[in-house]
Amino acid sequence: MAAQPETVEQVRAVTEQKYKYGFTTDIESDVAPKGLNEDIVRFISAKKNEPEWLLDWRLKAFRVWQTMEEPQWAAVSFPPIDYQDAHYYAAPKKKDGPKSLDEVDPELLATYAKLGIPLREQEILAGVEGSEGKSPAIAVDAVFDSVSVATTFKAKLEEMGIIFCAISEAVQKHPDLVKKYLGSVVPYTDNFYATLNCAVFTDGSFVYIPKGVRCPMELSTYFRINQANTGQFERTLIIADAGSYVSYLEGCTAPQRDENQLHAAVVELVAMDDATIKYSTVQNWYPGNAEGVGGIYNFVTKRGACRGRNSKISWTQVETGSAITWKYPSCILQGDNSVGEFYSVAITNNFQQADTGTKMIHIGKNTRSTIVSKGISAGKAQQTYRGLVKILPKAEGARNHTQCDSLLIGDQCGAHTVPYIESRNRSARVEHEATTAKISEDQLFYCRQRGIAEEDAVSLIVNGFCKEVLKELPMEFAVEAQKLVGISLEGSVG
Amino acid sequence: MIEIKNLHATVDGKEILKGVDLTIRPGEVHAIMGPNGAGKSTMSYVLAGRDGYEVTEGSVTYYGKDLLALEPEERAAEGVFLAFQYPVEIPGVANTTFLKTAANAIRKHRGEKELDAMQFLKLLREKTKALNMTDDMLKRAVNVGFSGGEKKRNETLQMAVLEPKFAILDETDSGLDIDALKIVAEGVNALRSPERSMLVITHYQRLLDYIVPDYVHVLSAGRIVKSGGKELALELEKNGYRDFGASEAA
Amino acid sequence: MTALHPMTYSTRGADPTTAPALLAPLDRVAGDLPGAGLSWLRDLRAQGRERFAAVGLPTIKNESWRYTNLRDLAKLSFQPAGAAQSSFDLLPTVRPEGEDGPRLVFVDGRFRADLSSTDGLPPGVELLSLAAALTSHGDLLAEHLGRLAAADDRPLVALNSAYLADGPFLRVPAGVQVERPVELVFASVGSDAAATAFHPRTLILVEAGAKAVVVEHHVGRGAGTTLANHVAEIVVGEGATLHHYKSQREARGAIHLSHIAATVATGGHYDNFILTTGARLSRNEVVSRLDGTEARTHVSGGYLARGNQHADTTTLIVHAQPNGTSREVYKGVIDDTARAVFQGKITVCPGAQKTDGYQLNRALLLSDSAEIDSKPELEIHADDVKCSHGCTAGELDDNALFYLRARGIDLETARGLLIGAFLAESLEEIAEPSIRDAFQGIVAGWLEEQR
């Protein structure tokens, strides 16, 4: 049986929902000329006043990149990208870097306010049902096109020895740390998009949590693409030293534009002995319109190294945006007893395409990994879960459990599951389960019989379907993510 | 008042209801009994508005409104409540969330103020006490991992919270042992009131020992073939459905 | 049908430089191939040759071959199979002792009439060598050969077509039920002097409402290197049933490559079960397409590998029409430095609503150097479906092992019992008890060898 007409209607409502973050900010920008060559790489490096070693590294990457081909194995299709037809540097004009928030361009502050991102250092009230008190503060690094425009709560964090700043600033102030860890998880030869990022990355966040420190607040970076015809290539590096803990959030939006824009970020995480990094993403880049025009190409390399014993890296992602998503947040479980987690909700609609998943590489003894992936495909979207679990011969007692569930809404979309499971240790235990189904008509009718309108019922059921993943998000993000999941309700209720 | 007139309905092109007439006044409890395949569950789905149950003839007037013209959720908001024979599991959706969403949707429809989390929790606690339900059952996902008895108690709880004008109990006794049956029946009886009508659908007379009806109807081959007082149920218990042209199945 | 993404079965990464060595023997035998007068056959062979020459063997750069490397194959130089005169005292069978039945025997790819028999077949059923059928059933063969097993995206099928000469041909006419299993025996003998290659082609037509059971035995003899490159094309008609079982227990010098392509019409039922215990390198590809509605396919098997064996199972189930059911249960046991590969894909095409697809692959690693690579895959283009797969890898349950030993059972026996129990779940997929028992016997033999 095909989808009920009501369900199809529901999908249409999802399809036609307005992208709330599609506005542009009128701000004077410094933009590099279009094109990509060694001069542009030098230009970016010079703009950032970078040391010689970093320029050399960028140039090495650029030369390697010129010999590379775009990866072909993902189940996504798009017209060839003209890498010469984009700007590789765009920054809001300013005299010097802002010394404090008061110096930040009011236009920018207004933009972030409109996006709901707190750039004022105040305790914010969480809009959480039933929560009585105030939520803890969130420290935010705001990246606008190619540069970080503001970082909040820096002083408070510095008291504890925590470094949280733009990576361009870290290059100046903490060159030894950057030099030691940059490219240590994702080398400059890694893959087409990551290598491109190495050559032209402009900014991003840098976090260092010293030994034994538990970061007292959520650290957050908010990425915004504003300028037309630019790519965004940010680079994030997070180091959690022995016994430390940090929870980091990442959010993304972009204006509504007819052309496709490339976002090729690299995120590197390093967790030492007994350290924990929790990395959460709510990715809501502009997905293109209902006809599939425009939208962000989100080609991102995210990888964490559990270098120390008992270290833990946990990725949680809610992917609702982008025209195309190509993204596999991974864990290299080197330290004995280290733990990797991947919790993912991906929703694709209209003509969106997503090929996303994870890699768990078990190297150390008793390493454990958990993968929970929930995919929802609607409209004419195509979605693929692609995940690798690799158990190397020395990973005695390694454990993996993978659960991949897909939900289809309408008969024009596709949902695919492509796991790779490679085990070379007999004491390792690997379990993978996957299911694909549609929203059950029984569940829909049950909800409606209790008075819940169909589109609310769909949202309720889908949220239930995603529950295992959403509960992994920090509270502030969870509410936002639930709304995103059920965004279809807005505009169709009442 | 609910007036069902000459109701015909088909499922997958097959006629199941072949002209049902029934009038239920406020406060009355009617029981519909009948052999398997008589059309009992079809009747409850038709009244609740399930897709795939097509009304081909007849009418259902509900307090002056054409019930059949309403969407399922509109019927629910107007006070029609179906206690499902097989309550549906909805993974990941907490029972409380589900009930609050439903209660507020209905309150909104009635022009009443929606309840906030605290108010709702207070209301829910009151209602659960009577049904011997634990807080744990409220936190768990809707019907997921519930035993047969727990599911039926959960249906009764929903009825208590949503305060319908017209409750249809579809084979509420199926899958219940005698203790569970008593608890559920007590819950249902507590909800009897002069404004609330009920339609109790059952195969066995047993349930009617606990939920005593005002009227009993025999549904056979898509029609009501006999009506009477509660004593009709006892008669059926003794003689079975054979007199009504149906072989006693299962 | 909308374009399904091309990642799995393209010829990307195939290596044309490997083609000449594999095509060289063809020049020596081309003149002797049967059916030289048939233009369609000449074309089919020529196209196969041309295609293989252009692409060569697949390499691990191809998504579908990432876990199975044919590089050793590319290093060999092959001679064509000679006329094998070997005598066989005992041919493998699933029949009880003393019972005979229909059987075709092929030695190094050549039909051996002296060892074959069509006894016990109902009237109308045709069982003969493909080479003979070229003369008697030319039109039927022209219609079917090369249709299901397309050569353009599968180099090994192209290679098989280039050499197309012989193999079994079975046709069960509409409504006929063949009670006794039809046995197909493929023996690899080869020679100690040089590597021998042969490319048998199987064609099985089970027409509307008919039913048959086919059991294949692939056995080896001798220490030489042999390459058996099988292609089977199978048509299951409306409401027809084919149970197709295969035991591959070739010698350790053997390379066993096999591609089975089946199509199932409305209400038809195709069962396939493959038990792999032999060959140094093996790859079993099974493609089962449900091209009619309400069709059903069960594709299951067991793979047991030890020493330096490499056993690859690659399945593709295509639900092209609504209301289809598919089920897959594979179990693997891997010991020593052996490596096993399981790639199982279920594709649900647009419009194939109410599909029910289930797949399970479980592997047991018995040694520290054994390896399993699994890639179960779902590709779903319809919404009203129920599809799931499960996949596990691990070792024997310590608790169970201890429990058995605490009851006085020695370690080796206990392991054998548990491995047997582990494999039983897949063997239960075999519908016929006698064949299940015979395959169970092969498993028992394998376990016995271990001790």
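Keeping their order, the protein sequence lines are chains A, B and C. First residue of the first sequence: 1, per our numbering; consecutive thereafter. First residue of the second sequence: 495, per our numbering; consecutive thereafter. First residue of the third sequence: 745, per our numbering; consecutive thereafter. The beta-carbon is built from N, C-alpha and C at its ideal position, and this holds for glycine as well.
Own chain residues within Cβ distance below 8 Å of residue i, not counting five before or after
{"i": "T1010/C", "result": "E982, G983, G1036, T1037, E1038, A1039 and Q1065"}
{"i": "T276/A", "result": "A240, S244, Y245, V246, S311, K312, I313 and S314"}
{"i": "P51/A", "result": "V171 and P175"}
{"i": "K365/A", "result": "D336, N337, K394, A395, E396, G397 and A398"}
{"i": "L1104/C", "result": "E1072, V1073, Y1074, H1133, G1134 and C1135"}
Residue of the options minimising C-alpha distance to residue i
{"i": "K1130/C", "options": "N1143/C, G1152/C, I1090/C and L1167/C", "result": "I1090/C"}
{"i": "P1120/C", "options": "R386/A, M360/A and Y188/A", "result": "R386/A"}
{"i": "F850/C", "options": "P925/C, A938/C, P912/C and G953/C", "result": "P912/C"}
{"i": "A939/C", "options": "L928/C, A967/C and H962/C", "result": "A967/C"}
{"i": "A265/A", "options": "R424/A, Q383/A, Q84/A and F201/A", "result": "F201/A"}
{"i": "A972/C", "options": "R1159/C, I1174/C, N1028/C and E841/C", "result": "N1028/C"}
{"i": "S406/A", "options": "F1166/C, H1133/C and G1160/C", "result": "H1133/C"}
{"i": "H881/C", "options": "L782/C, K819/C, E927/C and A797/C", "result": "L782/C"}
{"i": "T879/C", "options": "R924/C, L1109/C, L777/C and A1005/C", "result": "L777/C"}
{"i": "D1142/C", "options": "Q1103/C, I1163/C and A1126/C", "result": "I1163/C"}
{"i": "C331/A", "options": "A323/A, S322/A and T316/A", "result": "T316/A"}
Identity of the residues DSSP links to residue i by a beta bridge
{"i": "Q261/A", "result": "I296/A"}
{"i": "A91/A", "result": "D30/A"}
{"i": "M527/B", "result": "T696/B and V712/B"}
{"i": "N1105/C", "result": "Y1074/C and C1135/C"}
{"i": "A532/B", "result": "Answer by DSSP bridge pairing: none, since A532/B is not bridged."}
{"i": "F1086/C", "result": "T1057/C and S1118/C"}
{"i": "E433/A", "result": "Q403/A and G1134/C"}
{"i": "H962/C", "result": "F930/C and Q992/C"}
{"i": "L947/C", "result": "F913/C and E977/C"}
{"i": "V318/A", "result": "V282/A and V345/A"}
Start and end residues, beta strand (DSSP E) containing residue i
{"i": "D355/A", "result": "Q353 to H362"}
{"i": "Y547/B", "result": "Y547 to Y556"}
{"i": "H502/B", "result": "I496 to V505"}
{"i": "S668/B", "result": "Per DSSP, S668/B belongs to no beta strand (DSSP E) and is neither H nor E."}
{"i": "H888/C", "result": "Premise fails: H888/C lies in the alpha helix (DSSP H), G882 to H888, not in any beta strand (DSSP E)."}
{"i": "N733/B", "result": "No beta strand (DSSP E) holds N733/B; the alpha helix (DSSP H) holding it covers E725 to N733."}
{"i": "R495/A", "result": "Chain A is shown from 1 up to 494; residue 495/A falls before or after that span and cannot be answered."}
Span of the alpha helix (DSSP H), counted from its first residue to its last, around residue i
{"i": "W326/A", "result": "Looking at the DSSP string, W326/A is not in any alpha helix (DSSP H); the run it does join, the beta strand (DSSP E), is I324 to K327."}
{"i": "C447/A", "result": "E441 to Q449"}
{"i": "G586/B", "result": "Run containing G586/B: none in the alpha helix (DSSP H); it sits in the beta strand (DSSP E), I584 to A588."}
{"i": "S905/C", "result": "P899 to A906"}
{"i": "I40/A", "result": "E38 to K47"}
Residues near residue i by beta carbon distance below 6 Å, same chain, minus five either side
{"i": "L949/C", "result": "R915 and V979"}
{"i": "E887/C", "result": "none"}
{"i": "S932/C", "result": "G964, T970, A972, E994 and A998"}
{"i": "R756/C", "result": "N806"}
Own chain, CB closer than 7 Å to residue i, minus 5 neighbours either side, in chain order
{"i": "A1144/C", "result": "L1162"}
{"i": "G853/C", "result": "A825, D910, F942, H943 and P944"}
{"i": "G357/A", "result": "Y328, S373, Y385, R386 and G387"}
{"i": "T761/C", "result": "G800"}
Within-9 Å CB hit, residue i to chain D
{"i": "I600/B", "result": "The chain labelled as chain D is not found among the protein chains of the depicted structure, namely A, B and C."}
Contact residues within the stretch 1121-1134 of chain C, judged by C-beta distance below 9 Å to chain A: Those residues of the stretch 1121-1134 of chain C that come within reach of chain A (Cβ to Cβ, closer than 9 Å) are E1121, L1122, E1123, I1124, H1125, A1126, D1127, D1128, V1129, K1130, C1131, S1132, H1133 and G1134.
Taking a cut of 9 Å between CB atoms, which residues from the stretch 71-93 of chain A lie near chain C? Going along the stretch 71-93 of chain A in chain order, one finds Q72, W73, A74, A75, V76 and S77 with a Cβ nearer than 9 Å to chain C.
Along the stretch 425-437 of chain A, what residues have a CB closer than 8 Å to any CB found in chain C? Those residues of the stretch 425-437 of chain A that come within reach of chain C (Cβ to Cβ, closer than 8 Å) are N425, R426, S427, A428, R429, V430, E431, H432, E433, A434, T435, T436 and A437.
Members of the stretch 362-395 of chain A near chain B, C-beta cut-off 8 Å: Correct list: empty, as no residue qualifies.
Looking at chain A, which residues of the stretch 1103-1117 of chain C have a Cβ within less than 7 Å of any of its Cβ atoms? Answer in chain order: L1109, L1110, S1111, D1112, A1114, E1115, I1116 and D1117.
Could you name the residues of the stretch 1058-1092 of chain C whose beta carbon sits closer than 7 Å to any beta carbon of chain A, in the order they occur along the chain? Cβ contacts with chain A: none found.
Could you list the residues in the stretch 527-555 of chain B with a C-beta less than 9 Å from some C-beta on chain A, going in chain order? Answer set for the stretch 527-555 of chain B: Y539, A542, G543, R544, D545 and G546.
Positions along the stretch 208-240 of chain A whose CB lies within less than 7 Å of some CB in chain B: Within the stretch 208-240 of chain A, no residue qualifies.
Residues, ordered as in the chain, of the stretch 448-459 of chain A that lie near chain B by beta-carbon distance below 9 Å: Residues R448, Q449, R450, G451, I452, A453, E454, D456 and A457.
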